[in-house]
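Chemist:
Structure follows, in structure tokens:
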């Protein structure tokens with residue numbers, strides 16, 4: 103069990119957690135921090151944290167959460183998402199195409215992960231906005247098209263299909 107604060111001197115807890123996962127260390131990680139924003143929590147989980155508790159906290163709740171994490175144990179290896187020659191590792195936040203690493207921004211990674219988890223299914227722009235951005239997103243919905251374009255340029259022009267009037271589908275080929 104690792105109890106990790108985000109605001110550490112030198113390297114922050116997000117980076118520590120990310121490096122642990124990159125080094126294939128799957129020991130359960132509980133982030134214990136004063137940062138209580140929803141984006142802080144989402145970042146921690148996206149980088150591999152297993153639980154998140156904000157300060158001030160109840161010692162009773164902390165020990166209960168630690169017991170729960172110990173009961174679950176650490177996974178040997180995270181599940182990789184694979185579509186054709188495209189491999190996405192959610193825990194390491196890494197994407198490879200034909201064995202070569204593809205550099206993606208955090209938002210590009212999230213869009214691709216959503217498409218890969220729904221591979222073969224047509225997903226609407228609204229579904230992508232709700233799952234990748236936020237259910238309360240009030241910006242221009244065409245932002246989805248922009249990110250689909252970025253992914254097409256970085257991956258393969260034909261991999262992400264546009265289904266006219268319906269949405270997008272990730273193809274196997």
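Numbering (the numbering used here), first residue to last: 103 to 275. All residues carry an ideal CB built from backbone N, CA and C; glycine is no exception.
Do residue 190 and residue 215 have their C-beta atoms closer together than 8 Å?
Modeler: Against a cut-off of 8 Å, the Cβ pair of residue 215 and residue 190 comes out as a contact.
Chemist: Are residue 218 and residue 134 touching if we call contact CB-CB under 8 Å?
Modeler: No, the Cβ-Cβ distance between residue 218 and residue 134 is not below 8 Å.
Chemist: Would you call the stretch 203-214 in contact with the stretch 232-252, where contact means no fewer than 3 C-beta pairs closer than 8 Å?
Modeler: The stretch 203-214 is in contact with the stretch 232-252.
Chemist: Would you kindly report the start and end of the unbroken beta strand (DSSP E) that includes residue 198?
Modeler: That run of the beta strand (DSSP E) goes 196-199.
Chemist: Just to confirm my understanding: we take residue 136, look at its own chain, exclude 5 residues before and 5 after, and list those with CB closer than 6 Å. What are they?
Modeler: If we look at residue 136 and ignore the five residues flanking it on each side, its Cβ neighbours are 157.
Chemist: Measure from the alpha carbon of residue 147 to the alpha carbon of each residue in 263, 248, 123, 242, then state which is nearest.
Modeler: Considering only alpha carbons, the answer is 123.
Chemist: Need the endpoints of the alpha helix (DSSP H) that residue 124 sits in, please.
Modeler: Element bounds for residue 124: 115-124.
Chemist: Go ahead and pull the three-state DSSP assignment for residue 241.
Modeler: Residue 241: coil per DSSP, three-state reduction.
Chemist: Assign residue 230 to one of three DSSP states: helix, strand, or coil.
Modeler: Three-state DSSP puts residue 230 in a helix.
Chemist: Output the boundary residues of the alpha helix (DSSP H) element that contains residue 144.
Modeler: 140-148 is the span of the alpha helix (DSSP H), which, as asked, contains residue 144.
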